[in-house]
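Below: the structure, in structure tokens.
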Amino acid sequence: MKFAQTGIPGLDKMLDNKGIPAGYSVSIIGAPGAGKTTLAMQFLYNGVKLFKERGLYVSLDENISRLKEAMLSVGIDLNGLRGKSLNFIDATQLRSVPSHLEVGGYDVKKEEFSLLSLMESIRSKVEEAKVKRIVIDPLAMLTVLFPNESERRIAVADLIQHLSTLGATSLLLTELPTDAPIRSYQIEDYLSQGAIIMKKIRNENHLSYVIQIEKMRGVQHDNQARLYKIDQGGINVIPSESILYATI
Ligand SMILES: Nc1ncnc2c1ncn2[C@@H]1O[C@H](COP(=O)(O)OP(=O)(O)O)[C@@H](O)[C@H]1O
Ligand SMILES: [Mg+2]
Numbered sequence: 412m413k414f415a416q417t418g419i420p421g422l423d424k425m426l427d428n429k430g431i432p433a434g435y436s437v438s439i440i441g442a443p444g445a446g447k448t449t450l451a452m453q454f455l456y457n458g459v460k461l462f463k464e465r466g467l468y469v470s471l472d473e474n475i476s477r478l479k480e481a482m483l484s485v486g487i488d489l490n491g492l493r494g495k496s497l498n499f500i501d502a503t504q505l506r507s508v509p510s511h512l513e514v515g516g517y518d519v520k521k522e523e524f525s526l527l528s529l530m531e532s533i534r535s536k537v538e539e540a541k542v543k544r545i546v547i548d549p550l551a552m553l554t555v556l557f558p559n560e561s562e563r564r565i566a567v568a569d570l571i572q573h574l575s576t577l578g579a580t581s582l583l584l585t586e587l588p589t590d591a592p593i594r595s596y597q598i599e600d601y602l603s604q605g606a607i608i609m610k611k612i613r614n615e616n617h618l619s620y621v622i623q624i625e626k627m628r629g630v631q632h633d634n635q636a637r638l639y640k641i642d643q644g645g646i647n648v649i650p651s652e653s654i655l656y657a658t659i
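Numbering-wise (our numbering), the sequence shown opens with residue 412 and increments by one.
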């Protein structure tokens with residue numbers, strides 16, 4: 412079995428010093444500001460710099476030049492990557508496709524068109540640039556397009572199935588609505604092969620961040636919640652420091 416190391420030493424240690432099984436789709440779940448985008452960009456950046464694997468960042472929400480500025484503030488210089496090593500798809504305009512349109516003589520609903528065109532642009536970029544790592548940030552747009560739970564389930568399943576046929580290792584970023592002590596499970600938790608939770612915990616005046624691998628098929632992983640920091644270099648997991656927190 413092959414693995415995609417994250418290049419974040421503490422996190423790879425939690426993954427049996429191996430990493431994420433290559434070709435798997437993993438949900439990264441957390442409240443806004445928990446560091447999901449930062450962790451995902453480190454996964455892509457380290458993929459290029461340390462493991463010679465090309466990356467693709469699919470933005471459904473984030474302005475790409477603003478994202479690059481934010482990463483620079485934690486010392487990750489995405490402009491320093493050359494050629495086709497890091498690719499971007501700006502899919503933020505998908506929201507503005509008309510509600511009905513005709514494709515090849517068929518009337519196609521907006522949400523179906525959006526998903527199909529998204530999957531097609533991912534496929535062509537992956538093939539063109541020989542991409543091995545994909546980040547989709549965030550999956551929430553599918554919730555907007557498919558408010559109906561059963562339709563959304565099919566859409567997420569289609570997307571995960573599509574990603575697995577591309578042979579790349581994928582991170583699917585999922586916003587949790589709040590920092591509620593007990594989170595509700597989302598469809599992608601069941602459908603993806605792994606789930607990593609990132610959480611901010613406020614105790615008195617102090618803010619701590621904790622990360623926990625809730626599920627990861629194919630690797631003997633740490634199942635404790637571990638502390639992490641966001642500073643120069645991005646996310647730094649401190650694997651020796653577990654935290655007693657049963658309700659993460
Ligand atoms: N230069 C920095 N030093 C320390 N923390 C930072 C810095 N830049 C951003 N952060 C923190 O990183 C977090 C933003 O991470 P981000 O990856 O955008 O989160 P998410 O994608 O989960 O919303 C915020 O909590 C912010 O406070
Ligand atoms: Mg984000």
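For glycine and all other residues, C-beta sits at the position ideal for the given N, C-alpha and C.
- In the three-state reduction of the DSSP assignment, L450 falls in the helix class.
- Looking only at P420, L583, F414, the smallest Cα-Cα distance to I646 is reached by P420.
- Every residue with a CB closer than 6 Å to a heavy atom of ligand 1 is listed here in chain order: G441, P443, G444, A445, G446, K447, T448, T449, S484, V485, I641, D642.
- The three-state secondary structure of T503, taken from DSSP, is helix.
- Assignment of beta-bridge partners to Y435 by DSSP yields no partner.
- Using a Cβ-Cβ distance cut-off of 8 Å, the stretch 632-648 and the stretch 421-435 are in contact, since at least three pairs of beta carbons, one from each stretch, lie closer than that value.
- With 16 or more other Cβ atoms inside 10 Å of its own Cβ, N498 counts as buried.
- Taking 7 Å as the cut-off, one finds at least one heavy atom of ligand 2 near enough to the beta carbon of D548.
- If you draw a 10 Å sphere on the C-beta of K610, you find 16 or more other C-beta atoms in it, and that means buried.
- In this structure the stretch 486-493 does not lie against the stretch 532-540, because fewer than three pairs of beta carbons, one per stretch, are closer than 8 Å.
- Judged by DSSP in its simplified three-state form, G645 adopts strand.
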